[in-house]
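Going by this note's numbering, the sequence shown opens with residue 135, and the numbers climb by one from there. For each residue, glycine too, the CB sits at the ideal point set by N, CA and C. Report on one structure; see the data block that follows.
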Amino acid sequence: LFLALQRFGYGEMPLFVVLAYLAASTAYLSFVSRNKNRYLWRRYTAIIIDLGLTTYITAYFGQAGVAFYPLYLWVMIGNGLRYGQHHMQVATLLGLLGFSGAMATSGYLWDQPGTYLGLMFGLVLMPRFFVVLIDRLTVANTQLQAQRDEAEFMATHDVLTGLPNRAYLHTRLYQSLSRAKRAGAEVTIAFIDLDDFKEINDSFGHEYGDFLLAQLAVAMKSVVRDSDTVARLGGDEFVVVIEDSDEGLPADTLIERLFSCVGRYYTIGDYETYVTWSCGVVVYPRDGGDVHTLLKHADTAMYAAKAQGHNRYAFYDPSMSQQVSEQLALRDELRMALEKDQLELYYQPIVDVRSGRVRSAEALLRWHHPRMGTLSPTNFIGIAENSGLIGPIGHWVIAEALATAAVWQANSKVPVTMHVNVSAHQLRRENFVEEIRTLIEDSGLPSCVLDLEVTESALLQDTQRAEELLAALKDIGVHVALDDFGTGFSSLSYLKRLPIDLIKIDKSFIDEIPGNVRDCALVDAVLTLGDRLEHPIVAEGVETERQRDWLVMHGCRYLQGYLYSKPVPRDAFLELSEQAFETMPSRLASAKF
Numbered sequence: 135l136f137l138a139l140q141r142f143g144y145g146e147m148p149l150f151v152v153l154a155y156l157a158a159s160t161a162y163l164s165f166v167s168r169n170k171n172r173y174l175w176r177r178y179t180a181i182i183i184d185l186g187l188t189t190y191i192t193a194y195f196g197q198a199g200v201a202f203y204p205l206y207l208w209v210m211i212g213n214g215l216r217y218g219q220h221h222m223q224v225a226t227l228l229g230l231l232g233f234s235g236a237m238a239t240s241g242y243l244w245d246q247p248g249t250y251l252g253l254m255f256g257l258v259l260m261p262r263f264f265v266v267l268i269d270r271l272t273v274a275n276t277q278l279q280a281q282r283d284e285a286e287f288m289a290t291h292d293v294l295t296g297l298p299n300r301a302y303l304h305t306r307l308y309q310s311l312s313r314a315k316r317a318g319a320e321v322t323i324a325f326i327d328l329d330d331f332k333e334i335n336d337s338f339g340h341e342y343g344d345f346l347l348a349q350l351a352v353a354m355k356s357v358v359r360d361s362d363t364v365a366r367l368g369g370d371e372f373v374v375v376i377e378d379s380d381e382g383l384p385a386d387t388l389i390e391r392l393f394s395c396v397g398r399y400y401t402i403g404d405y406e407t408y409v410t411w412s413c414g415v416v417v418y419p420r421d422g423g424d425v426h427t428l429l430k431h432a433d434t435a436m437y438a439a440k441a442q443g444h445n446r447y448a449f450y451d452p453s454m455s456q457q458v459s460e461q462l463a464l465r466d467e468l469r470m471a472l473e474k475d476q477l478e479l480y481y482q483p484i485v486d487v488r489s490g491r492v493r494s495a496e497a498l499l500r501w502h503h504p505r506m507g508t509l510s511p512t513n514f515i516g517i518a519e520n521s522g523l524i525g526p527i528g529h530w531v532i533a534e535a536l537a538t539a540a541v542w543q544a545n546s547k548v549p550v551t552m553h554v555n556v557s558a559h560q561l562r563r564e565n566f567v568e569e570i571r572t573l574i575e576d577s578g579l580p581s582c583v584l585d586l587e588v589t590e591s592a593l594l595q596d597t598q599r600a601e602e603l604l605a606a607l608k609d610i611g612v613h614v615a616l617d618d619f620g621t622g623f624s625s626l627s628y629l630k631r632l633p634i635d636l637i638k639i640d641k642s643f644i645d646e647i648p649g650n651v652r653d654c655a656l657v658d659a660v661l662t663l664g665d666r667l668e669h670p671i672v673a674e675g676v677e678t679e680r681q682r683d684w685l686v687m688h689g690c691r692y693l694q695g696y697l698y699s700k701p702v703p704r705d706a707f708l709e710l711s712e713q714a715f716e717t718m719p720s721r722l723a724s725a726k727f
């Protein structure tokens with residue numbers, strides 16, 4: 135640039151022009167290397183260089199070559215001033231810049247007193263221009279930085295909950311393990327999966343489920359420290375990383391804190407839902423030395439906890455890997471059980487001790503496994519619920535039970551009602567009532583033949599929906615029995631509100647009567663309660679005559695258990711339904727029912 139100006143006769147280049155040019159070039163290279171928006175920086179840099187040259191020319195000649203440098207005038211006034219426009223526009227611009235008495239003619243400017251107007255023009259224009267330029271660059275840089283920050287957050291965090299995502303979790307885990315290794319400390323990792331979240335989504339909608347996940351994220355964050363990590367892997371899976379704390383609390387105490395804050399009722403709009411979860415826990419370095427191994431073992435422990443039942447956690451044990459593999463294999467075999475006709479219903483009678491006749495039958499599912507023999511529901515219902523198979527299996531059970539009841543009605547003079555167990559998963563199905571109505575219509579039976587047995591825990595997960603659901607079942611004539619009464623967490627207010635037709639006392643309370651005073655007191659209280667509420671009571675698990683006699687003496691009219699019959703296939707039950715069992719002994723004839 136210096137040599138070029140000398141060649142065209144502009145004399146020696148002042149030092150400030152060289153420095154301005156070098157500074158502009160350096161800034162240009164820095165901006166281009168650090169920013170993707172190169173066009174923006176190239177444009178501003180070109181103006182800087184042009185301004186530097188113009189300042190030199192105006193200082194050297196004592197006049198402003200406006201006609202030859204319209205670019206910066208256009209930038210400054212923003213109205214598109216171009217070469218050849220009226221000279222008064224240039225005079226107006228100079229007036230805005232603070233010059234009075236300036237003259238402008240055909241592209242040349244000079245001051246009336248003959249001073250170096252060009253130098254003054256350059257000195258005034260440069261500060262004003264750089265104020266605008268720096269402001270624009272600052273705004274642009276701030277916007278770009280905000281965009282970069284937002285893009286980085288979106289890449290490392292879950293959009294719904296704002297928690298770290300799977301990729302960022304791995305980064306945080308690497309950091310936590312590195313710190314723990316240097317300090318000789320432990321890191322607790324909890325792998326969490328919500329129970330029955332799919333049914334919540336299906337029943338209430340994904341918007342409800344999303345809002346619930348956001349609430350859960352807030353709840354979990356509230357019980358961990360800022361140095362700990364709560365991440366969402368996707369769906370209803372979360373991971374909590376708890377580094378060794380100064381409190382020195384054991385891992386199970388920390389997990390209990392999580393359970394206490396998450397396992398509760400959540401109110402979203404008009405709905406109230408009780409949320410439970412299953413959790414697998416690993417501790418570094420005991421259960422693994424790297425991120426992949428620890429997450430794999432935590433996932434295994436979570437599945438082991440879920441297989442034991444909902445709302446619990448389990449610490450990883452090497453034997454779990456084999457157990458989980460077996461559970462997964464059993465799940466795949468269960469998928470084929472319906473197609474291969476491996477499922478069958480057995481029936482156990484419920485006897486009216488006043489008449490000695492069978493009042494009703496409870497349908498109990500059996501799986502004739504090709505390798506493991508005949509399995510009861512306790513061996514596979516948990517797998518069916520966790521894998522989503524409970525829907526088709528539950529549908530088959532109700533349809534088969536109604537078909538059996540139709541056969542009995544046609545071949546026996548004794549009318550028998552059918553009790554069928556339904557799970558919380560089935561109750562959450564949006565079209566459950568309509569499904570029951572269709573199955574009853576297809577069977578050709580009156581709806582009063584069907585008694586659906588539901589557990590306390592299933593009803594208490596969402597009491598408002600349970601109340602609406604039971605009322606809808608009552609409207610179509612279906613009876614509802616409260617199963618395993620006493621094993622859940624029900625209150626008398628729920629018994630009053632829910633439209634229950636019958637209460638079944640769980641076998642665990644019958645096993646030790648009349649020898650166990652506490653069990654006797656509890657059963658007697660339930661019998662009295664049923665009498666006051668006018669709900670019939672069925673005692674399950676009656677196996678001895680002493681149990682029968684005590685129950686009859688305290689007013690229990692309906693008994694079920696091995697004392698009368700174990701569960702039997704359909705044809706064998708038909709014979710039982712026509713059999714007269716022993717009525718209550720004469721010494722108990724005064725018993726009040």
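query: State the start and end residues of the unbroken beta strand (DSSP E) segment that holds residue 552.; result: 551-555
query: To the nearest angstrom, report how far apart residue 373 and residue 346 are at their CA atoms.; result: 17 Å
query: Just to check my reading of the structure: residue 103 and residue 337 have Cβ atoms closer than 8 Å, yes? What is that Cβ distance to the nearest angstrom?; result: There is simply no residue 103 to check, as the chain begins at 135 and stops at 727 in what is shown.
query: Do residue 694 and residue 672 count as a contact pair if the criterion is CB distance below 7 Å?; result: yes
query: Over the uninterrupted beta strand (DSSP E) stretch that includes residue 322, give me the two end residues.; result: 321-328
query: Is residue 234 helix, strand or coil when you go by DSSP?; result: Summary for residue 234: the model assigns pLDDT 39, below 50, so the residue's position carries little reliability, and this model does not support an answer.
query: Could you pull the DSSP bridge partners for residue 480 from this structure?; result: 498
query: Using 7 Å as the threshold, is the C-beta distance between residue 366 and residue 297 below it?; result: yes
query: With the cut-off set at 7 Å, would you say residue 675 and residue 700 are in Cβ contact?; result: no
query: Measure how close the beta-carbons of residue 635 and residue 614 come, nearest whole angstrom, since I'm counting them as under 8 Å.; result: 6 Å
query: State yes or no: is the C-beta of residue 567 within less than 7 Å of the C-beta of residue 584?; result: no
query: For residue 288, is the classification buried or exposed, using 16 other Cβ atoms within 10 angstroms of its Cβ as the cut-off for buried?; result: exposed
query: Contact check, residue 498 vs residue 482 under 8 Å by CB: the rounded distance?; result: 6 Å
query: Rounded to a whole number of angstroms, what is the C-alpha to C-alpha distance between residue 410 and residue 488?; result: 43 Å
query: For residue 728, which beta-bridge partners are listed by DSSP?; result: Examination of residue 728 is not possible in this model, given that the chain is present from 135 through 727 alone.
query: Hey, residue 710 and residue 545 are a contact pair by Cβ (cut 8 Å); roughly how many whole angstroms apart?; result: Actually they do not touch by this definition, with Cβ atoms about 13 Å apart.
query: Could you tell me which residues DSSP puts in a beta bridge with residue 471?; result: DSSP, once it has assigned bridges, lists no residue as partnering residue 471.
query: Cutting at 7 Å between CB atoms, please list the residues of its own chain near residue 714, excluding the five before and the five after it.; result: 490, 491
query: If contacts are defined as beta-carbon pairs under 8 Å, then residue 554 and residue 535 qualify, I think. What distance do you get, rounded to the angstrom?; result: 5 Å
query: Is the number of C-beta pairs between the segment 449-460 and the segment 348-366 that are closer than 8 Å three or more?; result: no
query: How far does the alpha helix (DSSP H) with residue 427 in it reach, from first residue to last?; result: 425-441
query: Please specify which runs of the alpha helix (DSSP H), each continuous and at least 4 residues long, are wholly inside the segment 329-354, giving them in chain order.; result: 331-338
query: Taking all protein chains shown into account, do 16 or more other C-beta atoms lie within 10 angstroms of the C-beta of residue 330, making it buried, or fewer, making it exposed?; result: buried
query: Applying the criterion that 16 or more other CB atoms from any shown protein chain within 10 Å of the CB defines a buried residue, is residue 294 buried or exposed?; result: exposed
query: Out of 449, 484, 389, 427, which one is the CA nearest neighbour of residue 304?; result: 427
query: What does the Cβ neighbour count give for residue 466, buried or exposed, with the cut at 16 atoms within 10 Å?; result: exposed
query: According to DSSP, residue 449 sits in a beta bridge with which residue or residues?; result: 415
query: Between 599, 449, 484, 468, which lies nearest to residue 731 when the distance is taken from Cα to Cα?; result: It is not possible to answer for residue 731, since the shown part of the chain is limited to 135 through 727.
query: Output the distance between the C-alpha atoms of residue 712 and residue 441, rounded to the nearest integer angstrom.; result: 40 Å
query: Over what stretch of residues does the beta strand (DSSP E) that includes residue 297 continue unbroken?; result: Per DSSP, residue 297 belongs to no beta strand (DSSP E) and is neither H nor E.
query: Secondary structure at residue 708, three-state DSSP: helix, strand or coil?; result: helix
query: Determine the direct distance from the alpha carbon of residue 572 to that of residue 500, and round the result to whole angstroms.; result: 24 Å
query: Consult DSSP for residue 365 and reduce its assignment to one of helix, strand or coil.; result: strand
query: Could you check what DSSP says for residue 715 in three-state terms: helix, strand or coil?; result: coil
query: For residue 213 and residue 284, I'd like the C-alpha separation in whole angstroms.; result: Note on residue 213: pLDDT 36, under 50, position unreliable in the model; the coordinate value appears next. Going from the Cα of residue 213 to the Cα of residue 284 covers about 35 Å.
query: What does a CB cutoff of less than 7 Å around residue 604 pick up in its chain, not counting 5 residues either side in sequence?; result: 614, 632, 633
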